[in-house]
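Below is one structure, written out as structure tokens; comments come after it.
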Amino acid sequence: MRLDAIPVIGPLLAAGADDRVFDALLVLGPVVIVAIRLLGRTPVSLALAVAYTVGFAAYILSEAIR
Amino acid sequence: MVDRLGTIARDLGRMLEALAGLIFVSVLVPLVWGEFWVVPAMVVSGLIPLVVGLTLRRTFEHAADPGRLHGMMIAASGWFLVAAFGSVPFLLAAWTAQLDPGMLDVPARFTVPGTRTFSTLAAFQNPLNGFFESMSGFTGTGLTMADNEAALPHTLQWWRSFIEWVGGVGVIVLTTAILARPGSGSLTLYESEARSEKIHPSIVSTVRTIWWIFLLFTFFSILLLWIAGMPMWDAINHAMTGLATGGFSITDNSIATYGSAAIDFALIPVMVLGSIAFPIHYLVLQGDLRNLYTDLQTRWVFGFFALGTALLTAVLLQQGYYVTESVAVAGVVLHGSAATLFQTVRYALFQFVSAASCTGFQTAGALGSGWTAPAQLTVAFGMVVGAAAGSTVGGIKLIRLLTLVKGILFRIRGVFYPSDAVRTFRLDGRALSDTEAAQEFEEAAIITFLWLVFLGVAAFVFMLAIPMGPDAYTVENVLFEVASAQGNVGLSSGITGPGMPTVTKAMFLFNMWIGRLEIIPVLVLLRGLFSTLEVYD
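First to last, the protein sequences are chains W and H. Every number in the numbering used here is 13 more than the matching position in the first sequence, counting from 1. Every number in the numbering used here is 143 more than the matching position in the second sequence, counting from 1.
Okay, here's the thing in structure tokens:
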């Protein structure tokens, strides 16, 4: 399936850096934020937020090294 | 002439339709927060630009395609018009609370006079205050007419953050795609073969790519601020306004409200992200981290922030403003001079990055009254210069300062060479032809000159209109405030507020507008209007 065929966010994803990890982070971002809002400040929500931010930064570094 | 106006009117119509869409999307916020009394105000606020926009677009549907001149006039008039129509939610929400129809169940805190909550919202009954707030938002300035931002309904808190966020994307598109021209800095920088100036060849795909980057960074920033300790609603709003380097806050004392070093430091990368040209972000996200130091502007963003912070730290240390006995940092307690140094660096770093990135978040509460003139002027210099072209920042931009400095050195050194010597002007490692070099230097000089002229005009107006003297405002306060408005920064020395004279509000509206558009498009628009209205005949 082509990215730009996905409803609503398809054209946006297609305009990105052709990278599935970043596209996944873009789609998961609002989901993680809503989940954290519902969970409140708990160890689980904190782990989710840390995983997202550290994952984002680490992926950029790993791409640069590769 | 009629054809030119038709082209402009059609595109303005499209912008107003988009604005209506933004307002309608924002109706979700009062629904989520249970502020149902604001819903009618938001719906009506959306219908007005929708009807006007539809009318304009359909009436001039067959007008000619826009050219470069149209681009400038559309950008200048569009920013003004969108800010004007974007002020309606403030106006209607304030009047809804004032008129208080019983069926809407407006909370008593907004309807009973005598409290700061009441007066904060009531200030927007004055259309000029709403227009000021909206212009401040869409231009990413952050100066506010709200006395206590925390007292605003969540809907208006969101609307302020949302318009800054959207305005941030708008200015990136403006500088990288619409207004990029020989001599505008961004073109020369990114048009070289090593980099692609326009992220994609067409403006539509460029806009999508910018949104792709902006959304990714927004989610990252929200979560970073939440991890640092901000409540989620605060994190969402401050991430949006921080990344857009706008600086609207939803708290009464900006970031100083939290009194948290962790939040201060978490906001630094958010503001820095907004200060780097987005074409560079795109390359970095593709794994090419080298651009962070090979790109002249980006290298200088980091250098400028570091130098400014060091200078401000030295000035504040000399003043002894942040003398601290002890402070706890990540579980370690610092005492004496170590504590003082930490606190001084913390405030200097935050305030200089906030100023030079043109964000305008404030942690130093007494910036206008407590800091010495050298400290205020150091921050003001950061506001005037700004950071990278092609980012969300204001000011004259680092690339123009560098062009001017290099150009001056080039001319001076030229005196020592024989008249027939062949010399090449280099910018960011790229050899420019005589024509290109002249265009770059001329544009940088013209914009810097106009910037300083309008800064002087506004300062003069303010010194006439507000109380000046030892017990009132000082010249450095005025220069600071005007540089903040025209640089689209939003730091305040205490002058800006709903009680300021009308003439100064009008002046700042103009300063914010020309500052965002880098002056020339506004002058082109005014020249076009005068010409159309045959003012010169």
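The beta-carbon is built from N, C-alpha and C at its ideal position, and this holds for glycine as well.
If you reduce the DSSP assignment to three classes, tell me which class residue i lands in.
| i | result |
| --- | --- |
| residue 592(H) | helix |
| residue 50(W) | helix |
| residue 304(H) | helix |
| residue 568(H) | strand |
| residue 466(H) | coil |
| residue 532(H) | coil |
| residue 632(H) | coil |
| residue 478(H) | strand |
| residue 490(H) | helix |
| residue 522(H) | helix |
| residue 335(H) | Caution applies to residue 335(H), whose pLDDT of 38 falls short of 50 and renders its modelled position unreliable; the value that the coordinates give is listed next. It is coil, neither helix nor strand. |
| residue 616(H) | strand |
| residue 433(H) | coil |
| residue 295(H) | coil |
| residue 79(W) | coil |
| residue 574(H) | strand |
| residue 471(H) | strand |
| residue 373(H) | coil |
| residue 611(H) | strand |
| residue 178(H) | coil |
| residue 703(H) | A question about residue 703(H) goes unanswered here, because the residues of chain H that appear run from 144 up to 680. |
| residue 311(H) | helix |
| residue 22(W) | coil |
| residue 396(H) | coil |
| residue 249(H) | coil |
| residue 644(H) | coil |
| residue 667(H) | helix |
| residue 391(H) | coil |
| residue 438(H) | coil |
| residue 341(H) | Bear in mind that a pLDDT of 48 at residue 341(H), under 50, signals an unreliable position, so the model cannot answer this. |
| residue 65(W) | helix |
Within the 8 Å Cβ cut-off, does residue i reach chain W?
| i | result |
| --- | --- |
| residue 429(H) | yes |
| residue 352(H) | yes |
| residue 355(H) | yes |
| residue 469(H) | no |
| residue 337(H) | Confidence in residue 337(H) is poor, its pLDDT being 37 and thus under 50, which makes the residue's placement unreliable; the coordinate value appears in the next sentence. So, not an interface residue. |
Give me the chain W residues within the contact set of residue i, using Cβ-Cβ distance strictly less than 8 Å, ordered along the chain.
| i | result |
| --- | --- |
| residue 375(H) | 46, 49 and 50 |
| residue 358(H) | 25, 39 and 42 |
Could you work out which residues of chain H lie near residue i, taking near to mean beta carbons separated by less than 9 Å?
| i | result |
| --- | --- |
| residue 77(W) | 427, 430, 431, 432 and 433 |
| residue 63(W) | 366 and 370 |
Please list, in chain order, the chain W residues whose beta carbon lies closer than 9 Å to that of residue i.
| i | result |
| --- | --- |
| residue 363(H) | 38, 42, 65, 66, 69 and 70 |
Less than 8 Å between CB atoms is the rule here; does residue i satisfy it with respect to chain H?
| i | result |
| --- | --- |
| residue 56(W) | no |
| residue 30(W) | yes |
| residue 19(W) | no |
Quick one: list the residues of chain H neighbouring residue i, beta-carbon separation under 8 Å, in chain order.
| i | result |
| --- | --- |
| residue 73(W) | 427, 428, 430 and 432 |
For a contact meaning CB atoms closer than 7 Å, what does residue i contact in chain W?
| i | result |
| --- | --- |
| residue 348(H) | 28 |
| query | How do the stretch 643–661 of chain H and the stretch 186–194 of chain H stand: do at least 3 beta-carbon pairs fall below 8 Å, yes or no? | reply | no
| If you measure beta-carbon to beta-carbon, which residues of the stretch 148–173 of chain H are closer than 8 Å to chain W? | none
| Is the stretch 254–268 of chain H close to the stretch 237–245 of chain H, with three or more CB pairs under 8 Å? | yes
| message | Does the structure place the stretch 350–363 of chain H close enough to the stretch 375–386 of chain H that three or more beta carbon pairs sit under 8 Å? | response | yes
| Touching or not, the stretch 510–523 of chain H and the stretch 427–438 of chain H, by the rule of three or more beta carbon pairs under 8 Å? | no
| Counting pairs of Cβ atoms below 8 Å between the stretch 413–428 of chain H and the stretch 533–549 of chain H, do you hit three or more? | yes
| query | For the 8 Å Cβ check, are there 3 or more pairs between the stretch 658–676 of chain H and the stretch 212–220 of chain H? | reply | Here the stretch 658–676 of chain H makes contact with the stretch 212–220 of chain H; the two share three or more CB pairs at distances below 8 Å.
| task | Would you check if there are 3 or more beta carbon pairs closer than 8 Å linking the stretch 32–47 of chain W to the stretch 57–65 of chain W? | result | Segments in contact, yes.
| task | Could you tell me whether the stretch 299–306 of chain H touches the stretch 386–405 of chain H, where touching means 3 or more Cβ pairs closer than 8 Å? | result | yes
| query | Between the stretch 283–290 of chain H and the stretch 633–646 of chain H, do at least 3 Cβ pairs fall closer than 8 Å? | reply | yes
| Does the stretch 204–213 of chain H come within contact of the stretch 221–230 of chain H, defined as at least 3 CB pairs closer than 8 Å? | Result no; under three Cβ-Cβ pairs closer than 8 Å.
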